[in-house]
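What follows is a single structure, written as structure tokens, with notes after it.
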Amino acid sequence: MKLTISHKFILLPLCLRTSYAFSPVYSSIVQRSPSFLLNQASDEIHVLKKYDDYQEQMEALSFLSTVASDTTDLIGEAQEIFDNMFQKWYDDDREDLEPTTAIYNSLISVYGHSGDAKTASSIFQKMVDDTEGIPEADEQTYITMLEIYEKNRNMKKAKEILALYQEKHDDISVDIYNMMLTLYKRSGDWNSPQEAEELLQSMPSPNTKSFCLVMQCYNRNSHKSKVLLAIEKINELADTMKNLGRDDVNANDRSIMNERIKSIATRRDKTAFEDAEKLLMEMTERLDENEKPSASTFINTINVLRGDRSASATKKSMTLLEVLKDMYKKELESEGNWEKLKPDTRVVNAVMNVVARTKAKGKAQLTKDLLSDLVKAHKESQDDDYSPNLRTYNNVITACAFTRGNEGECEEALKIMVETFNEMKIPESRHQPNQVTFGLFLKGLSNLVKDEGKRQNIAENLFRKCCRDGYVNQFVLDSLVEATSADFVEKILGRADEDGVSIPEEWCRQL
Numbered sequence: 026m027k028l029t030i031s032h033k034f035i036l037l038p039l040c041l042r043t044s045y046a047f048s049p050v051y052s053s054i055v056q057r058s059p060s061f062l063l064n065q066a067s068d069e070i071h072v073l074k075k076y077d078d079y080q081e082q083m084e085a086l087s088f089l090s091t092v093a094s095d096t097t098d099l100i101g102e103a104q105e106i107f108d109n110m111f112q113k114w115y116d117d118d119r120e121d122l123e124p125t126t127a128i129y130n131s132l133i134s135v136y137g138h139s140g141d142a143k144t145a146s147s148i149f150q151k152m153v154d155d156t157e158g159i160p161e162a163d164e165q166t167y168i169t170m171l172e173i174y175e176k177n178r179n180m181k182k183a184k185e186i187l188a189l190y191q192e193k194h195d196d197i198s199v200d201i202y203n204m205m206l207t208l209y210k211r212s213g214d215w216n217s218p219q220e221a222e223e224l225l226q227s228m229p230s231p232n233t234k235s236f237c238l239v240m241q242c243y244n245r246n247s248h249k250s251k252v253l254l255a256i257e258k259i260n261e262l263a264d265t266m267k268n269l270g271r272d273d274v275n276a277n278d279r280s281i282m283n284e285r286i287k288s289i290a291t292r293r294d295k296t297a298f299e300d301a302e303k304l305l306m307e308m309t310e311r312l313d314e315n316e317k318p319s320a321s322t323f324i325n326t327i328n329v330l331r332g333d334r335s336a337s338a339t340k341k342s343m344t345l346l347e348v349l350k351d352m353y354k355k356e357l358e359s360e361g362n363w364e365k366l367k368p369d370t371r372v373v374n375a376v377m378n379v380v381a382r383t384k385a386k387g388k389a390q391l392t393k394d395l396l397s398d399l400v401k402a403h404k405e406s407q408d409d410d411y412s413p414n415l416r417t418y419n420n421v422i423t424a425c426a427f428t429r430g431n432e433g434e435c436e437e438a439l440k441i442m443v444e445t446f447n448e449m450k451i452p453e454s455r456h457q458p459n460q461v462t463f464g465l466f467l468k469g470l471s472n473l474v475k476d477e478g479k480r481q482n483i484a485e486n487l488f489r490k491c492c493r494d495g496y497v498n499q500f501v502l503d504s505l506v507e508a509t510s511a512d513f514v515e516k517i518l519g520r521a522d523e524d525g526v527s528i529p530e531e532w533c534r535q536l
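Under the numbering used here, think of the first position of the sequence shown as 26, with each following residue one higher.
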């Protein structure tokens, strides 16, 4: 059993009881925890005495239920703690331990996020029905139920929760509406953008986040045939924000501008980049911290260039990277908001992704240099945000594989591709080649190695490595055929029947 929990989350206060300290769930957390937590668990048994102890424990379990990959044991833990608290309040006349709405909310959260939405709904219903001895539901109770149905992608139930809240409350907070808009954004339904906009229009006081969520809904869920409509809608929403004239609705907010730039990226026309760049440059001149661009804004603008094969796309993306680096340096020197402007691996990957597919000369060396710069920055700063990842290395392989030029240019690209691949293969590397790496390398051989015998020899050796590593898939096989020939591949794999060619499961065990 594994929990996908990072160390910074482990620091959440936990009141450890014996059963919890030795449960399978807790054991898997302890294996990743700082040593002081291990000592805390083993030095003494923590007895729950005060209300705050119970609340702290229930909140911890509620949190774990939202991040754990296996939450089976959490329900039993939460119910046991709740029952213990309830018994002391009811049987021992401990009025200070009466379970409050907050306790019930945590219990609902654990059940719902652990796969038992039915029980969560049952507890919720008792709260809204004013059942004797059970506290009344508050706003957070409804938000918790919406979060549960968001996780389950159950829009029908979520709409029922919102309708119930509207029925029982005249004054509905923007947080309830925004949670519902979040559900629409993540639903993936083709009609969710329209429904989200209708909800927005019904809101008495939508804020900046409300508009941003609807924009995100249009950007994420609009069908390809409705891209232009989505762009038009997003622009209309921005105009509406400007006309409202309210302090809590800012059309120049960074989140809004990011969505506008993302929508421009879907146009794929000749003026798209210029329009996106114009918005970005306007943001660089603003004084409000919430209106200034972040690294993500630069990434969104760079992404507008994806699909542009011209050499100028390389120059444009590199220029934006330099602008970001300059802004970052100035913010760092002035002790400003430099964290949001780090020219980190995410930004460099976006640039490399553009460069790798262009027709620019020397793109293989350029991407290799960008990789080297990241390695150096990570080594000097010890900041993992600058650590190259598998995508970074594959971007270099891509740039090499799609290099077209004279013999000298092809030889240089092949040399860089081999060097990069070998760097990935060393035992201490955290980024071993995967199916994408092998497939791109094989595909690149057809461009870079003109001598058929040499190309087939390299391709066969590489394919054997791929088989041993367990990354053979259709992309790898297609790339092998492209680098050699169907007849050559048949000599290696045998003749294919009408259903294709059979390969040992061991060859694709990592997929």
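Even glycine gets a Cβ: it sits at the ideal position worked out from N, Cα and C.
Keep in mind that this is a model prediction, so the values were computed, not measured.
Look up residue i in the DSSP assignment and say whether it is helix, strand or coil.
i      : result
Gly525 : strand
Leu269 : helix
Glu185 : helix
Gln457 : coil
Lys479 : helix
Thr509 : coil
Ile327 : helix
Pro218 : helix
Asn362 : coil
Ser67  : Below a pLDDT of 50, predicted positions are generally treated as unreliable, and Ser67, at 29, falls in that range; no measurement from the model is reported.
Val474 : coil
Thr540 : Residue 540 lies beyond the range of the chain shown here (26 to 536); nothing can be said about it.
Met352 : helix
Leu536 : coil
Leu345 : helix
Ile451 : coil
Asp195 : coil
Thr383 : coil
Lys74  : coil
Gly464 : helix
Hey, out of the options, whose CA is closest to residue i's CA?
i      : options                           : result
Ser139 : Ala93, Ser147 and Cys242          : Ala93
Thr169 : Glu192, Ala145 and Ile159         : Ala145
Arg211 : Asp195, Glu223, Leu224 and Val239 : Val239
Thr291 : Ala263, Ile327, Glu316 and Glu261 : Ile327
Lys75  : Arg119, Lys490 and Ser90          : Arg119
Asp494 : Pro452, Ser335 and Glu314         : Pro452
Arg480 : Asn498, Met282 and Phe513         : Phe513
Arg311 : Ile259, Gln104, Ala336 and Met282 : Met282
Thr233 : Cys242, Asp273 and Val199         : Asp273
Lys365 : Met110, Phe488, Leu208 and Glu316 : Glu316
Leu505 : Asp264, Ala484 and His194         : Ala484
Asp154 : Lys184, Gln457, Cys435 and Leu189 : Leu189
Ala385 : Ser337, Lys355, Ser527 and Met180 : Ser337
Glu123 : Gln80, Asn482, Gln165 and Thr97   : Gln80
Ser412 : Pro368, Glu444 and Asn431         : Pro368
Leu467 : Leu439, Met449 and Glu448         : Leu439
Ser510 : Asn268, Pro529 and Leu470         : Leu470
In or out: residue i buried (at least 16 other Cβ within 10 Å) or exposed?
i      : result
Thr156 : exposed
Ser60  : Low confidence applies here, because Ser60 scores a pLDDT of 30, under 50, leaving its location unreliable; read the following figure in that light. By the neighbour-count rule (16 or more Cβ atoms within 10 Å), Ser60 is not buried but exposed.
Gly332 : exposed
Arg279 : buried
Gly519 : exposed
Gln460 : buried
Thr344 : exposed
Trp215 : exposed
Met306 : exposed
Leu399 : buried
Asp476 : exposed
Tyr115 : exposed
Arg334 : exposed
Ser247 : buried
Asn419 : buried
Asn486 : exposed
Asp98  : buried
Answer with yes or no whether the minimum CB distance from residue i to chain D is below 8 Å.
i      : result
Glu302 : Of the chains in the structure shown, none is chain D; there is only one protein chain.
Next on the checklist: Runs of 4 residues minimum, wholly inside the region 391–445: which ones carry the alpha helix (DSSP H) assignment?
Outcome noted: 415–426
Item to check | Whole alpha helix (DSSP H) elements within the region 94–127, 4-residue minimum | outcome: 97–116
Checklist entry - Can you list the alpha helix (DSSP H) stretches of 4 or more residues lying completely in the region 135–166, in chain order? => result 142–153
Checklist entry - Which runs of the alpha helix (DSSP H) fall wholly inside the region 265–322 and span at least 4 residues, in chain order? => result 279–290 and 297–309
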